[in-house]
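Working notes, structure below.
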Amino acid sequence: MNLAVLCSTMRVQMKQSFARPMFRFCLIANPILNTILLYEMYRNAGEENFMAYVVLGAGLMGLWGCICFSSAGDINRERYSGTLALIFATPASFPGIILGKIIGNTLISLLTLGISLLTAVVLYQVPLTLESPLYFLLALLAAVLSFVVISSMVACLLTLSRKTELYMNCIEIPINLLCGFAFPVSVLPGAVQGISRALSPTYAVELLRMSVWGVNDPAAFWNKLGILLGLTALYALLSALLYRRIDRRVRIAATLEVA
Amino acid sequence: MIRRFFEQARLYHKGRRAAFSAEEFALMEIGYPLVTLIFYCLIASYSFQTNDLTDWVIGNAFLLCTNACVFGLGNAFRGERYTGRLRSIIASPSAKLPLILANGLYPALFAVIASACGFLVGSLVFGVDFSGVHLGLAALTILCAMASASCFGLFLSVFGLINDSMHLVLNVVSYLLMLFTGTEFPVAQLPLAGRVVSQLMPLTKANAAMKLLFAPEHGAFWPLILAELATGAAYALLARFLFGFAERCARRNGQFDLF
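Structure follows, in C-alpha cells:
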C-alpha cells in the first residue's frame, strides 16, 4: 500500500467531507446539540462527572453520525459522481484508497469529542475530570482503530446496494442504542445485551468510560481491550473478505454497478 | 381540484416509495422511528432514574408524528429543485400551497401510524397505562399537534428557496424540537430565554396538553390546545408572507433561488 496515496486520499477526503452540509451538521451541530440535550437529561441524575455520559455520549454519537453519513456512503458517492470506475482501475490499490478515505473521515470526525467537551465547558462550566489519561489515550486509539475497521466493513456492505441512503439513516440510532453511547448497556434487556456484546464499539465506550472514572482494576481494562482488539481483527478479516468478493464480482460482471 | 390534490399526493408518495420494497419502506417509515423512541426513553429511564416513562413516550411519539410533517413539508422545494420541477412550479399560475400540502400528505399519514405504534410500544415495552385516557381528546391533541407542525413545516419549506442546505436546517430543527418542546426534559429546566423560545415552538403546548390527559385533572387542556393552534396559524401566516416574497423575487430576478 502506497503511503503517499493514503495520505493524499485522506487529505482530499477531509476537504470533500467538510464541503457537504450534512457532514458539517454531524461534525459541528450534532455534538453541540447532543451535549445540550444529554446535559439537560443528566443534570439531575446525581452524576458528578459529566464527562462519562454527557461529553463522551454526545461526542461518540456525533462520531458515529459522521461515520454513518460519510464513510458508510463513500463508495456509493463515488459511484454517483462517476469516479468509482476510475479509482477502482487506478494502479494504486482500491482498498488502499478506500482506507485513506475512511481514516481521513474518522480523524476529522474525532473533532466531535472536542466540540462536545468545549460545549460542556463553555455553556455549563460543569465538573469534567479524566482520572486515567494514559488509559484514556490507549482506549481512544483502540476505539479509533475499531471505528475505522467498522466503517470499512459497513462501506463494503453498502456498496452491494443501491439503497445506501436508507441504510445509512437506519444504522445510526440502533448502534447508539445497542452500544450504550448514552447509557450503560446493562439498562438493555438480556437478549439485546447479547447483540451489544458482539459489537466492538460497546467495549470501546466501556473502556473510555472506565478511564474517565479511573481504572481501579487494570486486569478488567486489559481484558476488555483484548476483546475489543479481537473483535476489531475479526471485523478486519470480514472486511477483507468482502473486498475480495466485490473485486471478484466486479471482474466477472465487468461493471461496478449493482442490481 | 380535490381530485388533482390527491392524485398529486399519490404521485409524490409513489416517487418516494419506488426505490424500496414494502419491508424496507416500513423499516424506514415506522421501524426506525420506533427505535428512536425506544432510544430516548432508555436514556430518560437511566438519567431520570425512573420507571414511569409516560411523559417520554408521549413526547417522543408526538415527535415521530411532527418530524414527518416538518421533514416531509420542509423538503418540498429541495425535492422539486433536485428533480428539475422548480422552474415549472414557480412559473405556473396555480397555487403553490396545495402542492406543498400534497407533498406532505402521505408522510403525515405514515407519521400518524408511527405515532400510534409509538404509543403501542410505550404500552408494551415501558408499561405506560393508557386506560384512563380520553381517546377522543387524545386524538384531537394529536391532530392539533400535526396541524401546527405542518404549518411549521410549510414555514421551513420556504427556506428551501433561501439556501441549498435543507438537510442541515431540518436536522438542526429536529434537535431544537427535542430541546425546546419539553419532550426529553421539562421546559422549566431551561433558562428564561429558552422558556420563551419553547413557547414559540410548535408542539410544546400540545405536548403539555397530552400530559394533562394522563393526570386526574385536565385543568388547562383547552387553553393549551387553542394556544397550539394559534402557534400553527402564526407559522402558516409567516410561511404565506415569506413565500409571497420569495415568489416575487423569483419573478423579478428571473431566478428560482434567493441564494
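Top line first, the protein sequences correspond to chains E and P.
Taken in order, the first sequence gives residues 0 to 258; the numbers are from numbering that gives the first Met the number 0.
Taken in order, the second sequence gives residues 0 to 258; the numbers are from numbering that gives the first Met the number 0.
Glycine included, each C-beta is placed from N, C-alpha and C at the ideal position.
All values derive from a computational prediction rather than experimental measurement.
Three or more beta-carbon pairs separated by less than 8 angstroms link the segment 57-68 of chain E to the segment 157-175 of chain E, which places the two stretches in contact. In summary, the residues of the segment 164-185 of chain E whose CB is separated from some CB of chain P by less than 8 angstroms are Leu165, Asn168, Cys169, Ile172, Pro173, Asn175, Leu176, Ala181, Phe182, Pro183, in the order they occur in the chain. Looking only at P/Ile37, P/Ala249, P/Leu155, P/Arg9, the smallest Cα-Cα distance to P/Phe118 is reached by P/Ile37. Closest by C-alpha distance to P/Ile29, out of P/Arg9, P/Phe109, P/Arg3, P/Ala43, is P/Phe109. Within chain P, no C-beta atom comes less than 7 angstroms from the C-beta of E/Phe17; the nearest is roughly 13 angstroms away. Contact between the segment 229-249 of chain P and the segment 164-179 of chain P is absent: fewer than 3 CB-CB pairs across the two stretches fall below 8 angstroms. In the same chain as E/Ala51, and ignoring 5 residues on each side of it, the C-beta atoms closer than 8 angstroms to its own belong to Arg208, Val211, Trp212, in chain order.
CA-to-CA, the gap between P/Phe125 and P/Ser44 works out to about 10 angstroms. When C-alpha distances from E/Asn175 are compared across E/Leu59, E/Ile35, E/Ile107, E/Arg78, the shortest belongs to E/Leu59. Scanning its chain for C-beta atoms nearer than 6 angstroms, with the 5 sequence neighbours on each side dropped, one finds around E/Gly103 the residues Met9, Gln12, Met13, in chain order. Here E/Gly95 has Met0, Asn1, Val4, Leu5 as same chain residues with Cβ atoms under 7 angstroms from its own Cβ, once five neighbours each way along the sequence are excluded.
With a 10 Å radius around the Cβ and a threshold of 16 neighbouring Cβ atoms, P/Leu10 comes out exposed. Annotation for P/Leu167: the continuous alpha helix (DSSP H) segment containing it runs 165-179. Taking C-beta atoms as the reference points, E/Leu230 and E/Ile107 fail to come closer than 8 angstroms. The beta carbon of E/Met21 sits closer than 6 angstroms to those of Phe68, all from its chain and outside the five residues before and after it, given in chain order. Just measuring C-alpha positions, the residue of E/Val121, E/Met40, E/Ser7, E/Lys162 sitting nearest E/Ala71 is E/Lys162. Against chain P, the CB of E/Ile35 has a partner CB under 8 angstroms away; the residue lies at that interface.
Using a CB distance below 8 angstroms, the part of the segment 34-56 of chain P facing chain E consists of Val34, Thr35, Ile37, Phe38, Leu41, Ile42, Ala43, Ser44, Tyr45, Ser46, Phe47, Gln48, ordered along the chain.
The beta carbon of E/Lys162 sits closer than 8 angstroms to some beta carbon of chain P. Cβ proximity to chain E below 7 angstroms picks out nothing from the segment 56-70 of chain P.
Within the segment 41-54 of chain E, the residues whose Cβ lies closer than 9 angstroms to any Cβ of chain P are, in chain order, Tyr41, Arg42, Asn43, Ala44, Gly45, Glu46, Tyr52. In the three-state reduction of the DSSP assignment, E/Phe180 falls in the coil class, being assigned neither a helical nor a strand state. Going by beta carbons, P/Gly71 and P/Ala107 fall inside the 8 angstroms limit.
C-alpha of E/Ser238 to C-alpha of P/Val69: approximately 38 angstroms in a straight line. Burial is judged here by how many other beta carbons sit within 10 angstroms of a residue's own beta carbon; P/Pro92 has fewer than 16 and is exposed. In this structure, P/Ala90 is the residue among P/Ala90, P/Ile42, P/Gly14 with its C-alpha nearest to the C-alpha of P/Asn252. Between the segment 216-232 of chain P and the segment 140-153 of chain P, the count of Cβ pairs shorter than 8 angstroms is three or higher; the stretches touch. The three-state reading of DSSP puts E/Val191 in helix, counting H, G and I together. Within the segment 166-189 of chain P, the residues whose Cβ lies closer than 7 angstroms to some Cβ of chain E are His166, Leu167, Asn170, Val171, Tyr174, Met177, Leu178, Glu183, Phe184, Gln188, listed in chain order. E/Pro94 is outside the set of residues whose beta carbon lies under 8 angstroms from a beta carbon in chain P.
Looking only at E/Asn43, E/Asn29, E/Pro132, the smallest Cα-Cα distance to P/Pro185 is reached by E/Asn43.
Closest option to E/Lys223, judged by alpha-carbon separation, among E/Ala203, E/Asp246, E/Val53, E/Leu36: E/Ala203. Taking a contact to require three or more Cβ pairs closer than 8 angstroms, the segment 205-216 of chain P and the segment 171-184 of chain P qualify as touching. Distance from the CA atom of E/Ile251 to the CA atom of P/Glu22, rounded to whole angstroms, is 30 angstroms. With respect to the C-alpha of E/Asp246, the residue from E/Ser145, E/Leu156, E/Ala28, E/Ile114 having the closest C-alpha is E/Leu156. Taking a 10 Å sphere around the C-beta of E/Gly56, we find 16 or more other C-beta atoms and assign the residue as buried.
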